[in-house]
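Taking it in order: structure first as structure tokens, then the write-up.
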Amino acid sequence: RNDEPVKLEEDDIDDLLYSVRTDDKDELNSLLKGLAEKYTTTEQIILQSSIAEHSGNTAIHFAAANGLKDLLHHILQTLNLPPGADFVNRRNLSGNTSLHWSSLNGHLETTKLLIEAGADLWVRNSAGNLAVFEAERAGKDDVVAYLLKVGGTEKESEGETSNDGETMADASAEE
Numbered sequence: 152r153n154d155e156p157v158k159l160e161e162d163d164i165d166d167l168l169y170s171v172r173t174d175d176k177d178e179l180n181s182l183l184k185g186l187a188e189k190y191t192t193t194e195q196i197i198l199q200s201s202i203a204e205h206s207g208n209t210a211i212h213f214a215a216a217n218g219l220k221d222l223l224h225h226i227l228q229t230l231n232l233p234p235g236a237d238f239v240n241r242r243n244l245s246g247n248t249s250l251h252w253s254s255l256n257g258h259l260e261t262t263k264l265l266i267e268a269g270a271d272l273w274v275r276n277s278a279g280n281l282a283v284f285e286a287e288r289a290g291k292d293d294v295v296a297y298l299l300k301v302g303g304t305e306k307e308s309e310g311e312t313s314n315d316g317e318t319m320a321d322a323s324a325e326e
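Using the working numbering, the first residue of the sequence shown is number 152, and each one after it goes up by one.
Shown next as structure tokens:
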């Protein structure tokens with residue numbers, strides 16, 4: 152079996168992502184099994200390779216955006232990634248992570264799942280906004296309160312300048 156990402160046919164990606172958007176776990180599982188056989192790889196690699204060509208969205212993006220808590224949990228379990236894995240924080244072509252989408256749409260439970268999976272609260276989208284700001288702008292107060300509670304202080308990433316220990320509340324207030 153191949154453990155490297157594979158180039159999937161666009162129809163296969165579309166079918167898989169459609170099963171996520173429509174919250175069809177049985178169809179998703181069937182597709183994962185079939186595509187893993189077709190491409191001689193694992194279901195994890197199929198999920199990681201299923202990225203919408205024109206938007207950059209993943210199965211995690213769609214489950215999070217639609218507040219599909221049980222399906223998101225299933226996808227994260229299937230992926231079996233270490234906490235904070237790059238794929239959890241993958242940005243779509245607008246720079247939005249799944250956390251941005253979950254937060255913007257006010258889905259507290261999927262937001263919590265993403266945080267537990269190591270989603271990075273400090274990723275800014277192409278508009279320069281944090282997920283907490285997107286939630287705040289959309290009036291999703293419960294998500295804002297949760298993100299502020301778990302937000303803590305910005306960690307210095309390699310090659311980036313620090314914001315001098317800026318807190319999530321500070322960052323949110325500035326925007």
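All C-beta atoms in this analysis are idealised placements derived from N, C-alpha and C, irrespective of residue type, glycine included.
- Between L272 and the set G257, A216, V301 and G290, the nearest pair of CA atoms involves V301.
- Counting C-beta pairs closer than 8 Å gives fewer than three between the segment 231-244 and the segment 214-221, which falls short of the contact rule.
- Residue burial annotation: S277 is exposed, with fewer than 16 other C-beta atoms found within 10 angstroms of its C-beta.
- For T229, DSSP records no beta bridge to any residue.
- Check the Cα spacing between D165 and each of S206, E188, K189 and E155: the tightest is with S206.
- Setting aside the 5 residues that flank it on each side, Q195 is surrounded in the same chain by T229, L230 and N231, each with a C-beta closer than 7 Å to its C-beta; the list follows chain order.
- In the three-state reduction of the DSSP assignment, T262 falls in the helix class, which pools H, G and I.
- Pairing A289 with S249 gives a Cβ-Cβ distance that is not under 7 Å.
- Between T192 and V157, the beta carbon gap of about 5 Å places them in contact (Cβ cut-off 8 Å).
- A straight line joining the alpha-carbon of L299 with that of L259 spans about 13 Å.
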